[in-house]
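Participant: Protein chains in written order, with my numbering: chain A, 1 to 341; chain B, 1 to 341.
Think of the CB as a built atom: it goes at the ideal place given N, C-alpha and C, for glycine as much as any other residue.
If you scroll down you'll find the structure; I have some questions about it.
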DNA sequence: GGAAGGATGTGGAACGTTCCACTTTGGCCA
DNA sequence: TGGCCAAAGTGGAACGTTCCACATCCTTCC
């Protein structure tokens, strides 16, 4: 009644279990006749190799664990595309776990992966404390995606938020904007770097005097409140760089409520290039992160350590790129002219 | 250099491996003194139970496999929330695999789960042919989510698309609309049922003569083209029921391009209640599926079979609900009056 | 005082593979 | 003919657990 094993196949085919093992793994030096016989019996019996037993004896699972902080965030889907593609090419299988933004369940998921003896771990912006992550990295090569790290034992690959912010500011400045404001991302990941990148880019463009940052968050509401703060006092900006796409959408809503049209009255730039940003209806100019490439890179980092090629930690920053869509245009008072510093 | 085993712990603590095993599993009838000693040594050594070995001897893994056709579709994230919650409550762990809409990689992911000896399988609208799914179901209890099935061996839980469509039509009819058109979902999952539900609801409301279906798809473009077909010939509808949210957003774009405002000139209803629909900027009236509940139900169906409580297949249909937002209003010519049949 | 029995602890078999060392077979060449 | 070697196939140990049957010790009770 229970699943057939390699021994059942061997008995039925009249050969040794070793030979069945060889056939199942496609080894050479097996006569064509026996190969066919074994394969036939295996199919008849519905035999399926037991990865559990195999992993135990081989002392390796060929499994990479991917821990996602949040399945709801479409950002990670594309990272995983890259992870899976690269892993498949290198002969590894992937399993995904998630903690849904709850530290306890994230820890549980991590334990599951570790107990299943995944050979490497890719953590996509986990909320777990660094201490736990460092602990895991002692058991198995671990890389952090989209969460910075200075750890000596945990690699990381993130997008260069500073450069991305500079891209946004550069685009707006070259359209002729001077009063470019920033609605920041609060304590969200990368938020500090984006703000810093904004400030430095403003300086580089000779617009330090025009720089203005208001508090926000990585949510629609954050963008919405940011607009309220920006337009209720002081001189209104002609362009807004929001901390991410969600905040940018909140910005769009708030601007519409105030009767300001985009991009005629105000230009808006987001960050992340989510599907939301790409929707026709929104058509948001935004900064894109090379997500699949980040995923591929994460796998490469894990495998470098697995192959024993490296011991020192690496912290990679991928270059973001600008995606120009319909929410940016020259300011109404200064059409299209480029203003360099 | 390699990972410590139960035997290393036993030696160091001066007890038998059996006792270590008992301690690790929190068994009673272990003296407090030895328990502490074993726990201490285990912590010192960084011992972590090997789920691979445990699974092999226990002949069970306590693992449920979830196969996702498409990580990019946020629909599934909430289904998984429900799956994970229910699984955790029942003492099961979950691993997620995905095929990213490619049959071959979906098959690979399925094989991985089966070889890892997951005890049950939840397939979220897989693209795999039914034959392969039925095969899998012979090895392990299998349930299909958001994909219908009449199979005798595979359970399924889906949303009642017919009822959902009726909800949409009922809402529009009660607002006073008569010329309610439907942009359908082509060959997408559930599309036929939604169309059928639309047609029957129109009949029930005495609007059979006004019913009009145009070909579309589950994409923005599908909705966009649908509007072109609807408004280029024949009498223009006062309300559109799009096959899903994406198509509804395409509909909104196309209507805006034609200078028609929503909901003043035309009402629009979508299906799925995605995050996109909820975004302030879009604020789409739509039909919601009880996603987390679908996930929980899927787990229950798997466990029923696992516990040997059931052999016959069950095919469940969950009731959808209407989410009224800003894209629907009474038609301009017939304000608010309810027209029953 | 001794039997009964509960509490605590132990050794070995088993789970389903892989891998290593070994055997058998047969072909080829001097 | 005999010796060698490659090709094909085999048996058993090992992987790290759990579980079962059993052993030992201590308390309790008649």
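Beta-carbon of residue 133 of chain A versus every beta-carbon of chain B: anything under 8 Å?
Facilitator: So, not an interface residue.
Participant: May I ask you to report which of helix, strand or coil DSSP gives residue 272 of chain A?
Facilitator: The answer is strand: DSSP assigns residue 272 of chain A an E or B state.
Participant: Okay, do the stretch 216 to 234 of chain A and the stretch 290 to 298 of chain A touch, 3+ Cβ pairs below 8 Å being the bar?
Facilitator: The answer is no - the stretch 290 to 298 of chain A does not touch the stretch 216 to 234 of chain A, with fewer than three Cβ pairs under 8 Å.
Participant: Write down every uninterrupted run of the beta strand (DSSP E) in the stretch 265 to 331 of chain A whose length is 3 residues or greater and which is fully enclosed by it, in chain order.
Facilitator: Entirely contained in the stretch 265 to 331 of chain A, the beta strand (DSSP E) runs reaching 3 residues are, in chain order, 267 to 272, 285 to 288, 315 to 318, 321 to 323.
Participant: Between residue 325 of chain B and residue 96 of chain A, what straight-line distance do the alpha-carbon atoms span, to the nearest angstrom?
Facilitator: Each residue's Cα considered, the two are about 35 Å apart.
Participant: Report the three-state DSSP secondary structure of residue 142 of chain B (helix, strand or coil).
Facilitator: Strand, per DSSP.
Participant: Mapping the DSSP letters down to three states, classify residue 116 of chain B as helix, strand or coil.
Facilitator: Correct three-state label for residue 116 of chain B: coil.
Participant: In terms of residue numbering, what span does the beta strand (DSSP E) encompassing residue 98 of chain A cover?
Facilitator: Looking at the DSSP string, the run of the beta strand (DSSP E) that includes residue 98 of chain A is 93 to 98.
Participant: Could you pull out every residue in the same chain whose Cβ sits closer than 6 Å to the Cβ of residue 370 of chain A, ignoring the five residues on either side in sequence?
Facilitator: Since the first residue shown for chain A is 1 and the last is 341, residue 370 of chain A is missing from the structure and cannot be characterised.
Participant: Would you kindly report the start and end of the unbroken alpha helix (DSSP H) that includes residue 232 of chain A?
Facilitator: Here the alpha helix (DSSP H) through residue 232 of chain A covers 220 to 232.
Participant: By the three-class DSSP mapping on this structure, what secondary structure does residue 344 of chain B have?
Facilitator: In the structure displayed, chain B extends from 1 to 341; residue 344 of chain B sits before or after that span and is not available.
Participant: Excluding sequence positions up to five away, which residues of its chain have a Cβ less than 7 Å from the Cβ of residue 15 of chain B?
Facilitator: These residues qualify, in order along the chain: 34, 38.
Participant: Which residues in chain B sit within 9 Å of residue 357 of chain A, going by Cβ to Cβ distance?
Facilitator: Outside the modelled stretch of chain A, which goes from 1 to 341, sits residue 357 of chain A, for which no answer is possible.
Participant: Between the C-alpha atoms of residue 135 of chain B and residue 83 of chain A, what's the straight-line distance to the nearest angstrom?
Facilitator: Residue 135 of chain B and residue 83 of chain A: Cα-Cα distance of roughly 29 Å.
Participant: In terms of alpha-carbon separation, which member of A:175, A:162, A:143, A:50 lies closest to residue 113 of chain B?
Facilitator: Taking only the C-alpha atoms, the option nearest residue 113 of chain B is A:50.
Participant: For residue 394 of chain B, return the contacting residues in chain A, with the cut-off set at a CB-CB distance below 8 Å.
Facilitator: Any question about residue 394 of chain B goes unanswered here, given that chain B covers just 1 to 341.
Participant: Which chain A residues sit within Cβ distance under 7 Å of residue 93 of chain B?
Facilitator: Within chain A, the residues near residue 93 of chain B are 112.
Participant: Going by CA-CA distance only, name the one from A:3, A:207, A:218 that's closest to residue 192 of chain A.
Facilitator: Cα-wise, what sits closest to residue 192 of chain A is A:218.
Participant: Taking one C-beta from the stretch 121 to 133 of chain A and one from the stretch 120 to 136 of chain B each time, how about it: are there three or more such pairs within less than 8 Å?
Facilitator: No, they do not touch.
Participant: Alpha carbon to alpha carbon, how far is residue 56 of chain B from residue 59 of chain A?
Facilitator: Near 14 Å, if we compare the C-alpha coordinates of residue 59 of chain A and residue 56 of chain B.
Participant: From residue 31 of chain A to residue 54 of chain A, what does the alpha carbon distance come to, in whole angstroms?
Facilitator: Taking the straight line joining both Cα atoms gives about 24 Å.
Participant: I need the boundaries of the beta strand (DSSP E) containing residue 15 of chain A, first residue and last residue.
Facilitator: Where residue 15 of chain A is concerned, there is no enclosing beta strand (DSSP E), given that its DSSP letter is neither H nor E.
Participant: Which bits of chain A does residue 280 of chain B rub up against, with CB to CB less than 8 Å?
Facilitator: Those within 8 Å of residue 280 of chain B in chain A are 220, 224, 249, 250, 253.
Participant: With distances taken from CA atoms, which of A:285, A:207, A:153, A:254 is nearest residue 301 of chain A?
Facilitator: Of the candidates A:285, A:207, A:153, A:254, the one whose C-alpha sits nearest the C-alpha of residue 301 of chain A is A:153.
Participant: Within its chain, find whatever has a CB closer than 8 Å to the CB of residue 188 of chain B; leave out the 5 residues flanking it on each side and keep chain order.
Facilitator: Hits under 8 Å: 217, 218, 243, 244.
Participant: Going along chain A in order, which residues have a C-beta closer than 8 Å to the C-beta of residue 10 of chain B?
Facilitator: Going along chain A, no residue has its Cβ under 8 Å from residue 10 of chain B, so there is no contact; the nearest lies around 19 Å.
Participant: To the nearest angstrom, report how far apart residue 186 of chain B and residue 77 of chain B are at their CA atoms.
Facilitator: If you take the alpha carbons of residue 186 of chain B and residue 77 of chain B, they lie about 24 Å apart.
Participant: Would you mind stating whether residue 323 of chain B and residue 286 of chain B have Cβ atoms separated by less than 8 Å?
Facilitator: A contact, by the Cβ cut-off of 8 Å.
Participant: Please name the residue, chosen from A:89, A:206, A:66, A:80, that lies closest to residue 111 of chain A on a Cα-to-Cα basis.
Facilitator: Of A:89, A:206, A:66, A:80, the residue nearest in Cα terms is A:66.
Participant: Could you spell out where the alpha helix (DSSP H) holding residue 348 of chain A opens and where it closes?
Facilitator: Shown here, chain A extends from 1 to 341; a query on residue 348 of chain A therefore has no answer.
Participant: Counting contacts by CB-CB distance shorter than 8 Å, is residue 26 of chain B in contact with chain A?
Facilitator: No, its Cβ sits nowhere closer than 8 Å to a Cβ of chain A.
Participant: For residue 288 of chain B, which residues in chain A fall below 9 Å Cβ to Cβ?
Facilitator: Those within 9 Å of residue 288 of chain B in chain A number zero; the least Cβ separation is about 16 Å.
Participant: Is there at least one non-hydrogen atom of the ligand MN closer than 7 Å to the beta-carbon of residue 144 of chain A?
Facilitator: In the structure on display, the ligand MN does not appear, and there are no ligands present to speak of.
Participant: DSSP three-state label for residue 132 of chain B, please.
Facilitator: Helix, per DSSP.
Participant: Per DSSP, which one or two residues make a beta bridge with residue 241 of chain A?
Facilitator: BP columns for residue 241 of chain A point to A:182, A:269.
Participant: Restricting to Cα atoms, I'd like to know which of B:308, B:168, B:277, B:281 is closest to residue 75 of chain B.
Facilitator: Measuring from the Cα of residue 75 of chain B, the nearest candidate turns out to be B:277.
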